[in-house]
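Protein chains in written order, with our numbering: chain P, 18 to 239; chain W, 44 to 326.
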Amino acid sequence: MTALVRYQIALLARSQRWLAPVVLYAAFVAVGVQGGQPVLDSLGYGAAALLPVAAWLTRLCVTGEPPAARHVTAAATSPARAHLAALLTAFGCAAALGVAATAFVVLVSKWADTEGQVRINPLGAAGAGLLAVLTCALLGTAVGALGSRPVLHGTGWSIALTATGALLALVTAGSPARLTVNALVGGSHAGAVPLPLVPFAVAVLLAGAVGAAVCGLSSRRG
Amino acid sequence: MGRRYGLRGDWVLRDVDLELGPGSLIRFQGANGTGKSTLLKVLAGTDAPTEGRVEGRPGRVAYVPERFPGGLPLTALGYLVHLGRIHGLGRARAREEALARLERFGAAGHARTPVAELSKGAAQKVAVAQALMAEPELLVLDEAWTGLDEAARDELDRAVAERVAAGATVAYVDHDPRRLAGAVDVAYEVAGLGLRAVNSPAQEGESGPRVRILAVGPQGAALPAGLPGAPDADGAVVLTVPAARSDAALRALLGAQPPWHVREVAPVTAPAEPARAAERNQA
């Protein structure tokens with residue numbers, strides 16, 4: 018699996034297709050997060066923006082290898098393992114982006130609640146922020162996995178449904194991403210650092226189930 | 044096993060029942076669109092059968108597609124090292140093997156070239172090199188010769204014979220009916236939705252040109268894997284192999300650790316008789 022992931026990282030890094038989502042996310046965070054704003058609000062914003070980026074990265078990883086090369090890799094290992102490597106690579110990149118964004122946000126933001134009255138512990142905020150970006154990266158990867166091969170093959174539908182899926186994952190009531198972001202924003206109002214463990218656990222389960230399903234499908238639908 | 048694409052798609056293959064043994068070369072032939080490529084993909088494990096199953100596939104499997112794409116953003120060597128590691132080789136070993144295979148197929152000069160900039164033939168050499176690096180126990184070739192130059196095609200023929208001599212199973216499709224014709228153990232025609240065994244040129248060639256090899260091995264040594272027969276008390280053995288396989292058999296004998304001593308190599312003139320005589324001698 019390590020060799021497969023390393024290969025996927027090399028494919029993604031050398032293709033330069035990662036540039037667009039990464040630059041877009043960096044711009045989004047840099048513009049949206051102003052220095053001196055309440056830390057928890059900004060963390061929520063950074064985590065929410067990561068979800069569509071993770072979906073995009075997943076699409077890039079899953080479709081990055083030309084079909085013939087994919088068959089070669091799949092024969093050497095198995096289609097499911099090759100597909101899992103692509104998903105893990107995408108999640109890893111999204112998580113790394115999220116961790117960097119969390120560090121940036123905690124450093125430049127004001128360590129206080131929305132009113133500026135109560136001090137927020139920066140380490141606690143960073144912990145909550147990490148949990149939030151991981152939740153969003155997991156859900157984004159799941160959305161991206163469902164929106165591309167082996168589930169959907171046509172490019173047009175695929176992109177439209179991935180974008181819609183990412184949006185729905187952010188706004189649907191009960192979605193772990195929405196719950197996490199709401200917890201951060203609510204915590205900012207209340208002046209207390211939240212610990213959104215339940216949405217994170219749900220995201221892990223969801224992403225695991227989606228991953229198992231699409232990897233199992235990869236040998237049947239190509 | 045059977046395979047169809049989509050829930051209501053037409054069956055491409057149905058009720059295919061096939062057993063492939065180690066140390067054998069299997070040819071699949073048939074008109075375009077009969078499902079040869081699908082069958083090879085199922086054998087290689089990149090495609091799962093819709094019904095039935097594939098059992099006992101060995102650990103090291105390699106597949107060579109008909110056309111290797113230029114869309115990879117890696118150099119030839121970079122790609123091969125990654126694939127070598129995916130096949131389970133260590134980093135240094137993967138690099139060594141990659142360079143050796145590129146050299147063997149006359150593509151050493153392309154090692155640093157991005158795969159995207161390679162000609163069709165050179166990219167195909169990379170695909171072939173990838174498959175041979177891991178010394179696969181199951182090698183699946185889907186018209187792998189297409190696009191290769193004459194020298195590389197011959198080299199691939201030799202490489203296939205070597206793999207078979209080393210005990211691997213090699214399954215292939217090629218549009219040229221003479222491809223490896225003398226060495227094929229079993230040939231199948233893919234027609235309708237299933238398989239039909241055909242008399243391969245090699246089976247006819249059981250009476251075709253054969254070569255007799257007299258070799259003496261180290262005391263008590265067994266024959267290298269994939270070679271027929273067993274040494275007698277003095278360690279000597281007479282092998283009668285199809286002419287197309289003689290190079291591979293010799294290479295296996297000389298390359299064994301410790302190597303065998305080849306005492307005599309001669310064409311068999313009256314094909315069937317000496318072969319039987321040799322078998323009697325061994326018995």
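By construction, the Cβ of each residue, glycine as well, lies at the ideal position given by its N, Cα and C atoms.
Residue j beta carbon less than 8 Å from that of residue i
{"i": "P:GLY266", "j": "P:LEU151", "result": "Coverage of chain P is limited to positions 18 through 239, which leaves residue 266 of chain P absent and any answer about it impossible."}
{"i": "P:THR80", "j": "P:SER192", "result": "no"}
{"i": "W:ALA151", "j": "W:LEU142", "result": "yes"}
{"i": "W:VAL203", "j": "W:PHE71", "result": "no"}
{"i": "P:LEU156", "j": "P:ALA194", "result": "yes"}
{"i": "P:ASP130", "j": "P:SER235", "result": "no"}
{"i": "P:LEU41", "j": "P:LEU77", "result": "no"}
{"i": "P:VAL70", "j": "P:PRO38", "result": "yes"}
{"i": "W:PRO179", "j": "W:ARG103", "result": "yes"}
{"i": "P:VAL210", "j": "P:GLY141", "result": "yes"}
{"i": "W:PHE148", "j": "W:VAL171", "result": "yes"}
{"i": "P:ALA111", "j": "P:VAL46", "result": "no"}
Alpha-carbon to alpha-carbon, residue j and residue i
{"i": "W:ARG253", "j": "P:VAL22", "result": "48 Å"}
{"i": "W:LEU236", "j": "P:ALA113", "result": "49 Å"}
{"i": "P:ALA186", "j": "P:ALA65", "result": "10 Å"}
{"i": "W:GLY66", "j": "W:ARG294", "result": "15 Å"}
{"i": "W:THR118", "j": "W:VAL305", "result": "42 Å"}
{"i": "P:TYR252", "j": "P:SER126", "result": "Past the boundaries of the shown model lies residue 252 of chain P; chain P is included only from 18 to 239, so the question cannot be answered."}
{"i": "P:THR197", "j": "P:LEU223", "result": "15 Å"}
{"i": "P:ALA251", "j": "P:PRO213", "result": "Given a span of 18 to 239 for chain P in the structure shown, any question on residue 251 of chain P remains unanswerable."}
{"i": "P:ILE176", "j": "P:GLN134", "result": "44 Å"}
{"i": "W:ALA177", "j": "W:HIS218", "result": "26 Å"}
{"i": "P:THR172", "j": "P:THR179", "result": "10 Å"}
{"i": "W:ARG196", "j": "P:CYS232", "result": "36 Å"}
{"i": "P:VAL227", "j": "P:THR189", "result": "18 Å"}
{"i": "P:ARG98", "j": "P:ARG87", "result": "11 Å"}
{"i": "P:HIS100", "j": "P:PRO84", "result": "12 Å"}
{"i": "W:VAL308", "j": "W:LEU199", "result": "24 Å"}
{"i": "W:LEU296", "j": "W:ASP275", "result": "16 Å"}
{"i": "P:TRP128", "j": "P:ALA120", "result": "13 Å"}
{"i": "P:ILE26", "j": "W:ALA137", "result": "18 Å"}
{"i": "W:PRO267", "j": "W:VAL259", "result": "12 Å"}
{"i": "P:TRP174", "j": "P:ALA72", "result": "15 Å"}
Beta-carbon contacts of residue i that lie in its chain and below 7 Å, excluding the five residues immediately before and after
{"i": "W:TYR122", "result": "LEU115, VAL158 and VAL169"}
{"i": "W:GLY248", "result": "Reliability fails at W:GLY248, whose pLDDT of 46 lies under 50, so the model's placement of it is uncertain and the value that follows must be treated cautiously. Around W:GLY248: GLY225 and PRO285."}
{"i": "W:THR77", "result": "VAL233 and ALA234"}
{"i": "P:ASN138", "result": "VAL210"}
{"i": "W:GLY113", "result": "VAL158, ALA159, LEU161 and ALA166"}
Proximity to residue i [Cα-Cα], best of the options
{"i": "W:GLU62", "options": "W:TYR231, W:VAL308, W:ALA264 and W:ILE256", "result": "W:TYR231"}
{"i": "P:ALA230", "options": "P:ALA93, P:VAL168 and P:CYS78", "result": "P:VAL168"}
{"i": "W:LYS79", "options": "W:THR156, W:GLU109, W:GLN173 and W:LEU297", "result": "W:GLU109"}
{"i": "P:PRO96", "options": "W:ALA87, W:HIS125 and W:ARG136", "result": "W:ALA87"}
{"i": "P:VAL219", "options": "P:ALA120, P:ALA149, P:LEU36 and P:ALA102", "result": "P:ALA149"}
{"i": "P:GLY208", "options": "P:LEU178, P:ARG31, P:VAL123 and P:GLU132", "result": "P:GLU132"}
{"i": "P:VAL122", "options": "P:PRO211, P:TRP35, P:ASP58 and P:GLU82", "result": "P:ASP58"}
{"i": "P:THR94", "options": "W:ASP90, W:ALA292, W:ALA211 and W:GLU307", "result": "W:ASP90"}
{"i": "P:MET18", "options": "P:THR75, P:ALA47, P:GLU82 and P:THR106", "result": "P:THR106"}
{"i": "P:ALA102", "options": "P:ARG238, P:ALA118 and P:ALA20", "result": "P:ALA20"}
{"i": "P:ARG136", "options": "P:GLY225, P:PRO55 and P:TRP174", "result": "P:PRO55"}
{"i": "W:ALA211", "options": "W:LEU270, W:THR156, W:ARG239 and W:GLU186", "result": "W:LEU270"}
{"i": "W:VAL59", "options": "W:TRP303, W:VAL124, W:ALA292 and W:ALA240", "result": "W:ALA240"}
{"i": "W:GLY95", "options": "W:ARG57, W:ALA208, W:VAL124 and W:ALA273", "result": "W:ARG57"}
{"i": "W:ALA208", "options": "W:ALA135, W:ALA299 and W:ALA194", "result": "W:ALA299"}
{"i": "W:LEU175", "options": "W:PHE111, W:ARG206, W:THR156 and W:ASP185", "result": "W:ARG206"}
{"i": "W:LEU181", "options": "W:LEU257, W:ALA135, W:ALA74 and W:GLY64", "result": "W:GLY64"}
Neighbourhood of residue i by C-beta distance below 6 Å, restricted to the same chain and skipping five residues each side
{"i": "W:VAL229", "result": "ILE69"}
{"i": "W:THR93", "result": "GLY45, ARG46 and ARG47"}
{"i": "W:ARG288", "result": "ALA204 and ALA226"}
{"i": "W:VAL183", "result": "LEU83, LEU86, ALA87, TYR106 and ALA214"}
{"i": "W:LEU358", "result": "Outside the displayed range of chain W (44 to 326) lies residue 358 of chain W, so it cannot be described from this structure."}
{"i": "P:PHE240", "result": "There is simply no residue 240 of chain P to check, as chain P begins at 18 and stops at 239 in what is shown."}
{"i": "W:ASP238", "result": "The sequence shown places Leu at residue 238 of chain W, not Asp. Once the five neighbours on either side are set aside, the close Cβ partners of W:LEU238 are VAL59 and TYR231."}
Same chain, Cβ closer than 8 Å to residue i, five either side skipped, listed in chain order
{"i": "P:LEU68", "result": "CYS153, ALA154, LEU156, GLY157, VAL160, ALA183, ALA186, LEU187 and ALA194"}
{"i": "W:ARG319", "result": "The predicted position of W:ARG319 is uncertain, since its pLDDT is 45 and thus under 50; no value can be drawn from it."}
{"i": "W:HIS153", "result": "ALA119, LEU145, LEU161, ALA165, LYS168 and VAL169"}
{"i": "W:PRO301", "result": "PRO261 and ALA264"}
{"i": "W:PRO310", "result": "PRO252, ARG253, VAL254, ARG255 and ALA286"}
{"i": "P:SER32", "result": "LEU77 and GLY81"}
Inter-stretch contact at 8 Å, needing at least 3 Cβ pairs: the region 45 to 58 of chain P / the region 49 to 61 of chain W: No, the region 45 to 58 of chain P is not in contact with the region 49 to 61 of chain W.
Cβ contact check for the region 180 to 196 of chain W and the region 268 to 282 of chain W: 3 or more pairs under 8 Å: Flag = no, the region 180 to 196 of chain W and the region 268 to 282 of chain W do not touch.
Stretch pair the region 124 to 133 of chain W + the region 88 to 99 of chain W: three plus CB contacts closer than 8 Å: They do not touch, by the three-pair rule.
Contact the region 139 to 149 of chain P vs the region 198 to 210 of chain P: 3+ CB pairs below 8 Å: The region 139 to 149 of chain P vs the region 198 to 210 of chain P: in contact.
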